[in-house]
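Peer 1:
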Amino acid sequence: MTKPTTQLKTTPVPPEHFDVLIVGAGISGIGAAYHLAKRCPNKSFVALDMQDSFGGTWWTHRYPGIRSDSDLHTFGYAFKPWTGPPIATSAEILAYMGEVIEENGLAQHIRYKHKIRLAHWRGRDKLWTIESTRTDTGEELTFTANFLWMCQGYYRHSQGYMPNWPAMETFKGRLVHSETWPEDLDYTNKKVVVVGSGATAATIIPAIADDCAHVTMLQRSPTFFITGRNVNELAETLRQLQIDEEWIHEIVRRKILYDQAAFTRRCVEEPDVVANELIGVVRNYLGSDYNVEKHFTPKYRPWRQRIAFIPDADLFKGIAAGKVSVVTDEIERFNETGLLLKSGTQLDADIIVAATGFNISVLGDINFAIDGNPLVFADTVTYRGMMFTGVPNLAWVFGYFRASWTLRADLVASFVCRLLKHMDETGAKKVTVAMRPQDQDMPLLSWIDPENFNPGYMMRAMHLLPKRGNKPEWQHSQDYWSEKDQFSAIDLRNAAFVYE
Ligand SMILES: Cc1cc2nc3c(=O)[nH]c(=O)nc-3n(C[C@H](O)[C@H](O)[C@H](O)COP(=O)(O)OP(=O)(O)OC[C@H]3O[C@@H](n4cnc5c(N)ncnc54)[C@H](O)[C@@H]3O)c2cc1C
Numbered sequence: 001m002t003k004p005t006t007q008l009k010t011t012p013v014p015p016e017h018f019d020v021l022i023v024g025a026g027i028s029g030i031g032a033a034y035h036l037a038k039r040c041p042n043k044s045f046v047a048l049d050m051q052d053s054f055g056g057t058w059w060t061h062r063y064p065g066i067r068s069d070s071d072l073h074t075f076g077y078a079f080k081p082w083t084g085p086p087i088a089t090s091a092e093i094l095a096y097m098g099e100v101i102e103e104n105g106l107a108q109h110i111r112y113k114h115k116i117r118l119a120h121w122r123g124r125d126k127l128w129t130i131e132s133t134r135t136d137t138g139e140e141l142t143f144t145a146n147f148l149w150m151c152q153g154y155y156r157h158s159q160g161y162m163p164n165w166p167a168m169e170t171f172k173g174r175l176v177h178s179e180t181w182p183e184d185l186d187y188t189n190k191k192v193v194v195v196g197s198g199a200t201a202a203t204i205i206p207a208i209a210d211d212c213a214h215v216t217m218l219q220r221s222p223t224f225f226i227t228g229r230n231v232n233e234l235a236e237t238l239r240q241l242q243i244d245e246e247w248i249h250e251i252v253r254r255k256i257l258y259d260q261a262a263f264t265r266r267c268v269e270e271p272d273v274v275a276n277e278l279i280g281v282v283r284n285y286l287g288s289d290y291n292v293e294k295h296f297t298p299k300y301r302p303w304r305q306r307i308a309f310i311p312d313a314d315l316f317k318g319i320a321a322g323k324v325s326v327v328t329d330e331i332e333r334f335n336e337t338g339l340l341l342k343s344g345t346q347l348d349a350d351i352i353v354a355a356t357g358f359n360i361s362v363l364g365d366i367n368f369a370i371d372g373n374p375l376v377f378a379d380t381v382t383y384r385g386m387m388f389t390g391v392p393n394l395a396w397v398f399g400y401f402r403a404s405w406t407l408r409a410d411l412v413a414s415f416v417c418r419l420l421k422h423m424d425e426t427g428a429k430k431v432t433v434a435m436r437p438q439d440q441d442m443p444l445l446s447w448i449d450p451e452n453f454n455p456g457y458m459m460r461a462m463h464l465l466p467k468r469g470n471k472p473e474w475q476h477s478q479d480y481w482s483e484k485d486q487f488s489a490i491d492l493r494n495a496a497f498v499y500e
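Residue numbers (the numbering used here): 1 to 500.
Below, the structure written as structure tokens:
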């Protein structure tokens, strides 16, 4: 007879309830927590993040030289002055976010190592149920929340986008992705090929060039770059005049945004002139013998893709010094010693770095359901890139592509707090956006207009993203200048908002 085993009775942990649950503790999630604490002090809230600490993008990315490509006056929050040089390292950005958490007592509201798997809206209770798994203990934890504030960013943090090149497995060297940079990667005196031409490649290459035997930037097609000193002269002057840092922050933000708006307008009105100016700067660094036509003359109009900033022209100085070379070609296949290119050229490498971008993750790879039915976001229409038709009590943060992301995260935060207060004042427990009678025949288009903005990572994900209409309410504009006034003027009693 077998001895009866004593079974430990595990009582399932009952769901914990919060008024608002924030998904993510990156720059958007911490911003959301700040705004909630300040503007809706009576709301209980929690921010859950699957990583071990705050920072999101700036915690995940560890490649050499990792830095912002926006200025931190506008990438920083409106409410906290940025006092350092405009382009910041990830360590500096993390320190800034850490101060926001510390100064506003936000740590008590954040829980790390919580991977959210499932979010289910139950109309009967007017509540979201959120199921998460602790990444350290494997424990399953359930939360309920009245409102979900999605600050999950736009890409999968665990793995970057690696194209499926032929014969990758035959390469005898090391193949790494910039998003998951191995701590032990030793590139001293190694031949390194960096595949990519965007901001990431342009950051890694000058950061490692001095230590490597040689670095090659292998690009399929050229990109626009802007060079400049990593100094904001207006901020420096105002500082010399002993102006208060809060004023400096506001004035410098306005000046940067004003200049950016003028530049964006010029890119539309006189794209060839702007293109020639940008390419002319590169030519000045590389000299008349360099094939700028082939390697640094993009085929698209400036601003159709983000223009990477190169502080102190470090990339071009590396090329001019012979430490870095650029190859514009395509990979035919990998082989034991490196890459065979479509032109027939062999590019040998000890290390190949894929700086090839992201896997888009529309809503944090969470399975959403509404009253038992799986939610397909691609079947919804976006309300100003913040809410979705038929999805109750949920706001989504997606920042600007070309201006700093955080400008929009701040605008969305003000809107969400206003919406929550309005619901409290009117006793509403549920809000959903819905097409009004005048919107019923509106043509539905892809989420962004490829004529306007078309980087590869967005194009690959267009089928996963919500639709847009042809009226401002149903579009996700990329225009800070119009949204900053439009968002604060949104009439919450408009028929597009349906309350219960
Ligand atoms: C290398 C790099 C440099 C960039 N530089 C700039 C720049 O200079 N200027 C600019 O405007 N933009 C830049 N961007 C874009 C950048 O991602 C955003 O600006 C910004 O940092 C995004 O912040 P976020 O908080 O919205 O999202 P993220 O930083 O992506 O953070 C989202 C957080 O949500 C968490 N999360 C997601 N899903 C789940 C889930 N299911 N469960 C639990 N947690 C979850 C993630 O773990 C992550 O910590 C850059 C991007 C990269 C990759």
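Ideal Cβ placement from N, Cα and C applies to all residues, glycine included.
1. So which of Gly26, Ile448, Tyr480 and Gly280 has the shortest CA-CA distance to Ala47?
2. Shorter than 8 Å from the beta carbon of Arg283 to some beta carbon of chain C?
3. In whole angstroms, what separates the C-alpha of Asp365 from that of Met162?
4. To the nearest angstrom, how far is it from the Cα of Lys113 to the Cα of Val20?
5. Report whether the distance from the Cβ of Gln305 to the nearest heavy atom of ligand 1 is below 7 Å.
6. Would you identify the three-state DSSP class for Met1, choosing helix, strand or coil?
7. Helix, strand or coil, according to DSSP, for Gly76 in the structure here?
8. Please tell me whether, using a cut-off of 7 Å, the distance from the CB of Phe18 to the nearest non-hydrogen atom of ligand 1 is below it.
9. Go through the stretch 293 to 371 residue by residue and report every complete run of the beta strand (DSSP E) that reaches 3 residues or more, in order.
10. Can you find the residues in the same chain that come closer than 6 Å, C-beta to C-beta, to Leu339, ignoring five residues on each side of it along the sequence?
11. Could you tell me the distance, in whole angstroms, from the CA atom of Gln242 to the CA atom of Ile490?
12. For the putative contact between Tyr77 and Ile360, defined by C-beta atoms under 8 Å, what is the C-beta separation to the nearest angstrom?
13. Where DSSP assigns a beta bridge to Leu175, which residues make up the other side?
14. Does ligand 1 have even one heavy atom less than 7 Å from the beta-carbon of Trp405?
15. Is the beta carbon of Met386 within less than 7 Å of some heavy atom of ligand 1?
16. Is Ser477 near ligand 1, judged by its Cβ being under 7 Å from some heavy atom?
17. Distance check for Val324 and Leu102, CA to CA, integer angstroms please.
18. Check Trp481 in the structure and name its three-state DSSP category.
19. Given a cut-off of 8 Å on the beta-carbon distance, is the pair Met462 and Ser477 in contact?
20. Using 7 Å as the cut-off, classify the Cβ of Ile226 as near or not near the heavy atoms of ligand 1, replying yes or no.
21. Please determine whether the Cβ atom of Ile27 lies at a distance below 7 Å from any heavy atom of ligand 2.
22. Nearest CA to the CA of Thr216: which residue from Phe398, Asp449, Phe487 and Ala355?
23. Sorted by chain position, which residues of the same chain lie with C-beta nearer than 6 Å to Ile307's C-beta, five sequence neighbours on each side aside?
24. So who's on the other strand from Ala235, going by DSSP bridges?
25. Counting only the same chain and skipping the five closest in sequence on each side, list residues whose C-beta sits under 8 Å from that of Ala378.
26. Below 8 Å on the Cβ atoms is my contact criterion, and I expect Glu269 with Phe143 to pass it. Report the Cβ-Cβ distance as a whole number of Å.
27. Note down, one range per segment and in chain order, each beta strand (DSSP E) of at least 3 residues found wholly within the stretch 185 to 221.
28. Report the option in Arg304, Thr129 and Met50 whose CA atom is closest to the CA atom of Ala369.
29. Taking 7 Å as the cut-off, does the CB of Ile360 come closer than this to any heavy atom belonging to ligand 1?
30. Could you tell me which uninterrupted beta strand (DSSP E) segments, each at least 3 residues in length, are contained entirely in the stretch 371 to 404, listed from first to last along the chain?
31. Which residue comes first and which comes last in the alpha helix (DSSP H) that contains Met459?
Peer 2: So, from the listed chains and residues:
1. Mapped onto the sequence shown, residue 47 falls at position 47. Looking at the Cα atoms, Gly26 is the closest of the given residues.
2. Of the protein chains in this structure there is only one, and it is not chain C.
3. Sequence index remark: in the sequence shown, residue 365 carries index 365 (1-based). Sequence index remark: in the sequence shown, residue 162 carries index 162 (1-based). Distance between the alpha carbons of Asp365 and Met162 is about 18 Å.
4. Within the sequence shown, the letter at position 113 stands for residue 113. Within the sequence shown, the letter at position 20 stands for residue 20. The alpha-carbon of Lys113 is positioned some 19 Å away from that of Val20.
5. In the sequence shown, the residue the question calls residue 305 occupies position 305. Gln305: no, Cβ never under 7 Å from ligand 1.
6. Translated into positions along the sequence shown, residue 1 becomes position 1. Bear in mind that a pLDDT of 41 at Met1, under 50, signals an unreliable position, so the number given afterwards is only what the model happens to contain. Look at Met1 here: in three-state DSSP terms it is coil, with no helix or strand label.
7. Stepping through the sequence shown from its first residue, residue 76 is reached at position 76. Coil.
8. On the sequence shown, residue 18 is found 18 positions in, with the first residue counted as 1. Not so, every heavy atom of ligand 1 lies at least 7 Å from the Cβ.
9. Fully enclosed beta strand (DSSP E) runs of 3 or longer: 308 to 311, 324 to 328, 331 to 335, 338 to 341, 346 to 348, 351 to 354 and 367 to 370.
10. In the sequence shown, the residue the question calls residue 339 occupies position 339. Excluding the 5 residues flanking it on each side, Leu339 has same chain C-beta neighbours closer than 6 Å at Ile331 and Leu347, in chain order.
11. Within the sequence shown, residue 242 is the residue found at index 242, counting from 1. Within the sequence shown, residue 490 is the residue found at index 490, counting from 1. If you take the alpha carbons of Gln242 and Ile490, they lie about 38 Å apart.
12. By 1-based counting over the sequence shown, the position of residue 77 is 77. By 1-based counting over the sequence shown, the position of residue 360 is 360. Not quite, the Cβ-Cβ distance comes to about 25 Å (not below 8 Å), so this is no contact.
13. For the purposes of this step, residue 175 is taken as the residue at position 175 of the sequence shown. For Leu175, which the question treats as bridged, DSSP gives the partners Ile352.
14. Within the sequence shown, numbered from 1, the residue matching residue 405 stands at position 405. Under cutoff, so the answer is yes.
15. Taking the first residue of the sequence shown as 1, we reach residue 386 at position 386. Met386 Cβ: outside cutoff for every heavy atom of ligand 1.
16. Walking along the sequence shown from the start, residue 477 turns up at place 477. The answer is no for Ser477.
17. Translated into positions along the sequence shown, residue 102 becomes position 102. Translated into positions along the sequence shown, residue 324 becomes position 324. First, the residue type needs correcting, since residue 102 is Glu and not Leu in the sequence shown. Approximately 42 Å, taken between the alpha carbons.
18. The residue you call residue 481 lines up with position 481 of the sequence shown. Three-state DSSP puts Trp481 in a helix.
19. To locate residue 462, count along the sequence shown from 1; it is residue 462. To locate residue 477, count along the sequence shown from 1; it is residue 477. Against a cut-off of 8 Å, the Cβ pair of Ser477 and Met462 comes out as no contact.
20. Working through the sequence shown from its first residue, we reach residue 226 at position 226. Flag unset: Cβ of Ile226 not near ligand 1.
21. As presented, the structure is devoid of ligand 2, carrying ligand 1 as its sole ligands.
22. Residue 216 sits at position 216 when you count from the first residue of the sequence shown. Out of Phe398, Asp449, Phe487 and Ala355, Ala355 has the C-alpha closest to the C-alpha of Thr216.
23. By 1-based counting over the sequence shown, the position of residue 307 is 307. Excluding sequence neighbours, Ile307 sits near Phe224 and Ile226.
24. Residue numbering aside, residue 235 sits at position 235 when the sequence shown is read from its first letter. Partner(s): none; Ala235 has no beta bridge.
25. Position 378 of the sequence shown, counting from 1, holds the residue named residue 378. Around Ala378: His463, Leu464, Leu465, Pro466 and Lys467.
26. For the purposes of this step, residue 269 is taken as residue 269 along the sequence shown, with counting starting at 1. For the purposes of this step, residue 143 is taken as residue 143 along the sequence shown, with counting starting at 1. Not really, about 50 Å apart at Cβ, beyond 8 Å.
27. You should have 191 to 195 and 214 to 219.
28. As a working note, residue 369 is residue 369 in the sequence shown. Comparing alpha-carbon positions, the option among Arg304, Thr129 and Met50 lying closest to Ala369 turns out to be Thr129.
29. By 1-based counting over the sequence shown, the position of residue 360 is 360. Every heavy atom of ligand 1 is 7 Å or more from the Cβ of Ile360, so no.
30. Considered as a whole, the stretch 371 to 404 harbours 394 to 396 as its complete beta strand (DSSP E) runs of no fewer than 3 residues, in chain order.
31. The residue given as residue 459 occupies position 459 in the sequence shown. Residue range Gly456 to Ala461 is occupied by the alpha helix (DSSP H) that includes Met459.
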